[in-house]
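If you read the sequence shown in the working numbering, its first letter stands for residue 9, the second for the next number, and so on.
Have a look at the structure below before the remarks.
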Amino acid sequence: MTAKNAADSLKEMEARLHESEERFRQIVETIHDVFWVTDPDKNTMLYISPAYEVIWGRSCQELYARPKSWLEAIHPDDRDRVLDAAFKKQAAGLYNESYRIVRPDGSLRWIHDRAFPVYDASGHVSRVLGLAQDIAERHQLEFRLQEAQKMEAIGRLAGGIAHDFNNIMTAILGYCDMAKSELDRSQVLKEDILEIEQAARRAADMTGRLLAFGRKQTLMPVVLEINKQIKEILGLIRPLLEEDIELEFHPGPGLWSVLMDKNQLEQVLLNLAINARDSMTYGGTLKIQTSNQEVKGNCADPGLEPGYYVKISVEDSGAGMDQETLRHIFEPYFTTKSGRATGLGLATVYGIVKQSGGHVAGRSELGKGSTFEVFLPGIPGRRQAKTLPSLPAREPERDATVLLVEDERQVRQLARRFLNSQGYQVLEASCAEEALPMARSHAGSIELLLTDVIMPGLRGTALAKQLKASRPDIKLIFMSGYSEELESELKESGGMFLKKPFGYAELIAMVGEALSQTPPGA
């Protein structure tokens with residue numbers, strides 16, 4: 009090879025090397041992660057990509073001048089762990105750490121950092137390459153997912169407890185009704201029973217809110233125009249506010265309709281308004297706004313599925329709260345209002361909205377107020393709320409036969425006494441498997457099935473379906489304090505619903521209403 013050929017080959021190699029380095033530079037300067045190269049002892053920073061300045065908020069020149077200055081940005085609680093791992097694991101290829109950094113403006117970022125050793129021809133580590141990623145968004149999504157899973161578990165527990173408690177409350181309230189009817193002559197004793205009854209009703213109200221949080225209520229959704237409904241609810245909110253609190257409503261134009269229980273929408277807004285009122289000790293503004301919102305698949309909030317929503321924002325100018333408080337705000341019995349609240353108001357909001365297929369989120373800052381956003385699945389196109397036409401009524405048959413099916417003994421005995429007191433004939437069973445042969449062997453008519461929904465074996469709705477096949481004119485009343493997916497079952501069955509806990513008046517009124525309905529075509 010001549011000297012000229014050697015020179016040409018060298019130039020070609022240098023050109024290829026320069027081209028390779030240029031491609032490498034373009035790649036590492038284009039990606040959003042930080043690419044870094046150091047010597048094995050970490051005394052020299054050989055390369056740092058420009059993304060370092062974006063993520064760390066510090067200059068690359070400072071890092072070249074002081075190669076260990078990147079450690080100064082690491083959160084004090086994480087620094088020793090990361091420093092120990094850097095010197096012990098990087099050269100071995102085992103470095104894989106997540107940690108927090110504090111930027112010059114005081115903000116925090118979560119970083120995932122990995123390192124890979126590069127060996128020379130003799131097998132020694134000649135340098136260490138690394139890749140650091142900003143995982144703040146991913147970490148936040150993981151945290152929100154964990155919070156959602158925790159709330160789901162708490163909700164299941166709350167719903168289960170409330171279901172059992174409602175049966176107990178039904179018995180207490182019912183026997184209070186029976187005792188009051190026998191004690192007209194003893195005023196003192198009657199007053200004592202009234203106190204027991206009031207305490208039981210407070211307990212029943214509490215279980216209702218637990219069921220709301222646990223998403224186990226029985227809802228009766230209809231198509232609603234949100235702006236119209238909110239205007240009506242404002243009349244309930246205003247009396248709850250102090251005179252120095254201004255109430256504003258900003259209805260969004262062309263709002264989609266939603267499918268929701270009207271009473272539960274009212275409960276959501278009242279609870280949010282009360283929460284806002286309590287945060288504005290020295291007055292302020294409570295602002296309610298509505299708008300349509302389409303959520304795409306890349307939404308930062310994992311609890312909000314892609315789709316079309318009507319958003320209701322409830323904003324106050326109150327004291328606000330720190331992020332730690334905000335993390336727990338939807339948990340049952342969590343409250344910042346010592347001695348003034350049950351801690352179930354926002355938990356109830358959370359449960360109702362979730363059960364309605366929506367999502368609720370809050371944001372707040374100390375001294376600047378709070379905003380809660382409720383997202384309800386929207387129905388494109390405006391539609392009026394639908395109501396079912398009422399059937400003509402007739403006088404109930406007092407000698408009617410009622411098939412009573414309830415697995416809780418106390419509730420069953422109580423309902424039987426209520427019915428017997430009005431002259432109804434009662435066939436009594438503790439489960440569907442006992443009720444079916446009883447109905448088959450009964451020679452006379454059975455005008456009404458009064459059944460619990462959730463029982464061992466066949467559910468009440470399945471029992472009703474079988475009875476309807478042989479007794480098509482039988483009327484149906486379902487009892488429950490716990491809905492699961494009860495709404496769809498009730499729609500299919502066409503029966504009435506009696507919510508537990510119930511008293512004498514509620515049961516007798518509903519039985520009379522059911523028996524007085526004229527069958528279709530009659």
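Every residue gets a Cβ at the ideal spot worked out from N, C-alpha and C, and that includes glycine.
Values in this document were obtained by computation on a predicted structure and should not be read as measured data.
query	result
Start and end residues, beta strand (DSSP E) containing Phe257	253–258
For Gly243, the three-state DSSP class (helix, strand or coil)	helix
Arg420, buried or exposed, once every other Cβ within 10 Å from all chains shown has been counted against 16	buried
DSSP beta-bridge partners of Asp142	Ile119
Burial state of Arg246 (16 or more Cβ within 10 Å)	exposed
Contact set for Val357: own chain, Cβ-Cβ below 7 Å, skip 5 residues either direction	Val276, Asn279, Leu280, Val368
Tyr512 vs Phe426 beta-carbon contact at 7 Å	yes
Local conformation of Ile482 per DSSP, three classes	coil
Straight-line Cα distance separating Thr409 from Ile516	14 Å
Contact the region 121–131 vs the region 97–111: 3+ CB pairs below 8 Å	yes
Bridge partner(s) assigned by DSSP for Asn104	Arg122
Leu484, buried or exposed, once every other Cβ within 10 Å from all chains shown has been counted against 16	buried
For Leu515, the first and last residue of its enclosing alpha helix (DSSP H)	512–524
Own chain partners of Ala437 with C-beta closer than 6 Å, once the 5 adjacent residues on each side are dropped	Val413, Ala443, Met446
From Asp481, Asp128, Gly503, residue whose alpha carbon lies closest to that of Asp460	Gly503
Burial state of Gly452, where buried means 16 or more other Cβ atoms lie within 10 Å	exposed
Pairwise C-alpha distance: Asp86 and Asp92	10 Å
Assumed close pair Lys295, Glu323 - CB separation to whole angstroms, cut-off 8 Å	4 Å
Euclidean distance between Cα positions of Glu235 and Gly260	Before going on, a small fix: residue 235 reads as Asn here, not Glu. Roughly 8 Å between the two C-alpha positions.
Cβ-based burial, Asp185 [other Cβ within 10 Å; buried from 16]	buried
Length of the line joining the Cα atoms of Gly359 and Pro314	20 Å
Assigned secondary structure, Ser364 (DSSP; H/G/I helix, E/B strand, else coil)	coil
Where the beta strand (DSSP E) containing Lys507 begins and where it ends	504–507
Three-way DSSP call (helix, strand, coil) for Tyr432 in this model	coil
Burial state of Ser130, where buried means 16 or more other Cβ atoms lie within 10 Å	exposed
For Gln297, the residue or residues it bridges with in DSSP	His258, Ser321
Per-residue burial, Pro388 [other beta carbons within 10 Å of its own, 16 or more giving buried]	exposed
Beta-carbon proximity of Ser321 to Gln297, cut-off 7 Å	yes
Endpoints, alpha helix (DSSP H) assigned at Asp286	270–287
Tyr60 versus Glu70 - alpha carbon distance	11 Å
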